[in-house]
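Quick note on the working numbering: the sequence shown kicks off at 20 and runs consecutively.
Even glycine gets a Cβ: it sits at the ideal position worked out from N, Cα and C.
Treat the numbers as computed from the prediction; the structure is a model and nothing was measured.
Working notes for the structure below.
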Amino acid sequence: MRNYLHLAIVATFCLYSLLVYSQQPSGTAWFSHLESSKAIVENKGQFNTRHQALGDRILYGFEDGATFFYFTQDGWGYRLDSLYKNPNRRKGDYTKPKWILKSDLVTVNWVGANANVKLQPNGKFNHTNTYAVKGTDKSVSAIERVPGYGKLTYEGIYDGVDLIYTMHPDRGVEYRLEIAPNVAVGNIKMQYPLGSQLKVDANGDLLVSTLFGYTRESKPKAFYADTHEEIDVRYFVDGNIVRFKLGAYDKSRSIVIDPWVQTPTLQYSNGVWECESDAVGNVYIIGGDAPMKLQKYSAAGTLQWTYNTPWDTTNGAWLGALATNAGGDCFVSNGATPAAIQRISTAGSLTWSRNGGPFDEFWTIVFNCDQSKMIVGGTNTGAFPPGTATGRIFDISTSNGNINGSIVTTTTKQGIASPLIDDLNEVRAISSSRNAKYYFLTLDTIGAISQDFNLCPSNQGPLFKTNSSYNFSYKCEDYKPNGNSGICAIRANDKYVYTQNGSTISKRNLSSGAIINTAPIPGGVYTISFGFGQVGNSGIAIDSCGNVYAGSSDRVIKFDENLNIITSVTVPFKVYDVAVSTGGNIIVCGANGSLANPQIGYVQSINMSACVPFALVCCNPTICPAGPICDIASPITLTSATAGGVWSGPGITNASSGVFSPSVAGAGTHKIVYTLPCGADSIFIVVNACANLTVCRETNGDYTVSGGVGPYTWQSGVPFQNCSGCPLGNCIPFICAGFADTTWTTYSTATTANPPGTFPIRVTDVNGNRLRLTSASGIQPCT
């Protein structure tokens with residue numbers, strides 16, 4: 020069983036921010052360089068499960084890059100975490116993580132410290148920290164709004180000695196011993212773990228061995244408290260005990276000893292993956308991966324709070340996505356194992372937490388027009404036979420996280436990479452639009468579905484789907500740790516749908532996804548290997564004036580609606596997401612470095628004279644598909660999502676109710692339009708020239724079909740119970756019964772055919788006219 024010591028606690032991936040107002044990029048409204056929070060936080064239980072070797076002995080802790088510093092009643096220490104490539108994973112093997120977390124723990128005890136020492140935090144920060152914690156029953160609760168501090172004092176660690184810890188502004192921790200007159204300094208001792216390699220180098224620094232090299236405790240400084248006159252001091256090492264040895268000094272005066280602990284530079288991932296803005300310009304980001312964290316900034320760039328999710332990608336989870344509504348509530352997903360979504364209030368509190376189904380995956384999130392639903396692009400791997408999967412788009416309630424329904428977009432054999440449409444199933448990017456449709460990208464397909472999942476008599480699936488020309492690899496981006504993930508690569512408005520693949524931005528037709536024109540993304544990265552592509556940057560957004568914003572490896576570019584470049588702003592990081600905010604600002608986020616080196620995440624607000632964000636309108640003129648239909652068939656009433664509109668087109672005999680008469684329309688393909696004051700939708704209905712099919716029995720027992728238009732297709736049917744929608748394709752009584760279905764097999768394409776001897780059988784002509792026979796009774800002899 021894996022030791023939980025190897026989980027990623029690791030603040031390493033923490034996203035607390037340090038605002039840097041000097042040397043900001045040109046045009047920047049504000050700029051935040053993501054480091055650790057530099058905040059000491061009281062342990063209210065949030066550290067116990069992540070640091071099981073110490074558990075509730077931890078009283079306070081703080082995260083500093085890839086290091087977690089902790090403080091106990093009688094000591095302190097640090098845990099180092101670093102990502103390294105999994106040596107047991109072959110290229111293309113997505114069953115094993117690409118990156119594995121390695122950890123080391125260093126504990127330091129103050130020998131002979133007073134048992135009743137009091138720990139006193141000071142310098143309270145304005146922002147707070149919330150921690151999601153998993154229970155033993157896998158439920159999730161939250162330890163909310165825990166404050167952080169700049170200083171922690173051990174009052175009376177020894178008689179006449181106070182010990183003060185602060186975070187070094189560069190890296191590591193400083194501790195300061197304030198020593199009263201006539202205290203024996205030789206009694207102050209630090210005990211390191213048995214077997215530790217301790218040595219003092221030529222500079223007087225103390226070196227402590229770890230799995231990742233030496234931790235360096237800088238040569239201590241000693242001085243009189245009142246005058247700061249320096250006193251000679253050095254470390255003295257005796258086995259695993261370290262003391263301070265001072266030169267001659269006046270023992271009747273108070274003195275200070277002040278070292279600085281520097282930890283090694285470690286390999287970790289701390290990128291900012293997605294960014295959003297609410298209606299008043301507050302900014303929200305997700306980043307890191309152990310655990311993934313959500314942060315809120317004010318419109319001016321001040322960090323408000325950090326929410327630590329329960330999801331740790333170094334322990335089997337997969338990075339998910341972020342969506343923020345106008346009021347500032349955030350919806351954050353874990354991609355898989357398990358698929359899950361949480362709602363976090365604008366105050367940073369956990370509202371609810373829900374898991375998806377056992378075979379669901381959630382990779383990308385948008386809202387419907389009134390933000391009462393999340394539309395989540397992802398996957399379901401429970402199809403039959405085992406090993407296949409379906410791309411899915413889920414309709415999920417924002418009020419409670421319940422799944423209202425889903426639509427299958429594509430079907431594939433899981434893990435197979437092919438440029439053919441439908442071979443790659445997972446929905447990795449999705450966009451709302453103003454035409455009551457949602458547009459999606461899988462790894463090789465672009466398509467659209469209707470806004471209303473349950474409107475039409477049967478689930479129609481995509482309204483269209485076509486090859487996107489991108490042919491992404493299974494890991495479609497190269498900047499997030501481990502497995503597959505979503506990308507921010509598609510956005511639509513009321514005129515066009517825009518997509519990007521890292522190096523190229525495309526303007527596409529709303530009805531078909533066809534490319535209208537393209538433009539290169541300056542500085543964009545799209546790498547092809549073995550025929551499949553990975554994006555090195557992402558991000559796309561549209562404002563209300565139709566301007567389009569795209570991220571590249573070193574800038575954000577503003578295009579007009581025809582993809583002419585208006586302006587661009589250089590940023591010191593690769594862009595992973597872009598959002599339109601208020602006051603003409605664009606929010607940009609990403610990271611520099613790589614997974615092979617420490618990543619540093621960024622979020623930046625840039626004034627690019629943007630128009631206000633493009634707003635959705637609740638207007639749904641969607642028409643359910645109809646036809647093909649015979650010209651001799653009875654009139655039908657077409658179905659629309661919203662009543663009160665006007666129907667028009669060939670064959671419409673009632674403009675109010677939507678009655679369509681195939682005999683009035685005549686044979687052909689007819690465009691039918693439904694118009695509301697807020698918008699319109701259209702469908703094409705195929706009317707075939709038809710005659711009723713009849714079947715008679717020849718004297719030798721053969722069946723002959725007449726009527727309609729040949730050639731004809733004869734098929735025999737075998738009834739079965741379809742369990743494809745049930746777990747692992749197996750029907751479960753009273754839980755998932757499946758549905759009655761028929762498998763049809765063609766046995767003849769002639770006018771006259773010998774029947775197979777079993778029923779049902781059916782015969783279909785070239786125009787789709789069909790006659791189904793369930794028994795031999797009623798079939799008249801041919802004359």
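Asked: DSSP state of G685 mapped onto helix, strand, coil; Found: coil
Asked: P669 - DSSP class collapsed to helix/strand/coil; Found: coil
Asked: Whether G306 touches N289 by CB criterion (8 Å); Found: yes
Asked: Touch test, the segment 168 to 175 against the segment 213 to 229, Cβ-Cβ under 8 Å, three pairs minimum; Found: no
Asked: Which listed residue (N145, N135, N201) has its alpha carbon closest to that of I176; Found: N135
Asked: Boundaries of the beta strand (DSSP E) in which K312 is found, first to last residue; Found: 312 to 316
Asked: Meets three-Cβ-pair contact criterion under 8 Å: the segment 663 to 671 and the segment 681 to 695; Found: yes
Asked: Host beta strand (DSSP E) of G11 (start-end); Found: The structure shown does not extend to residue 11, since the chain is modelled only from 20 to 802, so the question has no answer here.
Asked: For V607 and T589, the rounded distance between their alpha carbons; Found: 11 Å
Asked: Euclidean distance between Cα positions of T31 and T91; Found: At T31, the pLDDT of 31 sits below 50, so the modelled position is not reliable and the matter cannot be decided from this model.
Asked: Any 3 or more C-beta pairs closer than 8 Å across the segment 562 to 582 and the segment 270 to 282; Found: no
Asked: CB contact flag (N344, Q314, <8 Å); Found: no
Asked: Proximity below 8 Å, CB of I360 to CB of G420; Found: yes
Asked: Beta-carbon separation (whole angstroms), N387 vs Q281, contact threshold 8 Å; Found: In fact, because the Cβ distance is near 51 Å, the residues do not count as touching under 8 Å.
Asked: CB contact flag (G339, F381, <8 Å); Found: yes
Asked: Span separating the alpha-carbon of T464 from that of L138; Found: 59 Å
Asked: S451 versus L529, S548, G602, residue with shortest Cα-Cα distance; Found: L529
Asked: Cβ pair count under 8 Å reaching 3, the segment 696 to 704 against the segment 714 to 727; Found: no
Asked: G552 beta carbon less than 8 Å from that of G570; Found: no
Asked: Residue environment, A27, which counts as buried when at least 16 other CB atoms sit within 10 Å; Found: For A27, the predicted structure reports a pLDDT of 31, less than 50, and the residue's modelled location is therefore unreliable. The matter cannot be settled from this model.
Asked: Buried or exposed (CB count within 10 angstroms, at least 16 for buried), H146; Found: buried
Asked: S51 and Y316 closer than 8 Å at C-beta; Found: yes
Asked: Backbone CA spacing between F459 and N566 [nearest angstrom]; Found: 20 Å
Asked: Contact under 8 Å by Cβ, V159 with S418; Found: no
Asked: Q4: first and last residue of the uninterrupted beta strand (DSSP E) it sits in; Found: For the chain, the structure presents residues 20 to 802; residue 4 sits outside this window and is missing.
Asked: Coarse secondary structure for D156, derived from DSSP in three states; Found: coil
Asked: Span of the beta strand (DSSP E), counted from its first residue to its last, around F633; Found: Element bounds for F633: n/a, residue is neither H nor E.
Asked: Stretch-stretch touch, CB-based, cutoff 8 Å, three pairs: the segment 581 to 598 with the segment 250 to 261; Found: no
Asked: Simplified DSSP assignment, three categories, for G748; Found: helix
Asked: Any non-hydrogen atom of the ligand NAP within 7 Å of E580 CB; Found: Of ligands this structure carries none, so the ligand NAP is not represented either.
Asked: Neighbour-count burial assignment, V60, 16 or more Cβ in a 10 Å radius; Found: buried
Asked: Reduced DSSP category for R253 - H, G, I as helix; E, B as strand; rest coil; Found: strand
Asked: Contained beta strand (DSSP E) runs [length at least 3] in the segment 343 to 393, N- to C-terminal order; Found: 349 to 353, 359 to 363, 369 to 374, 379 to 386
Asked: Cutoff 8 Å; reference I751; Cβ partners in own chain excluding five residues on either side; Found: C745
Asked: Endpoints, beta strand (DSSP E) assigned at L182; Found: 180 to 186
Asked: Range covered by the beta strand (DSSP E) that runs through I59; Found: 59 to 61
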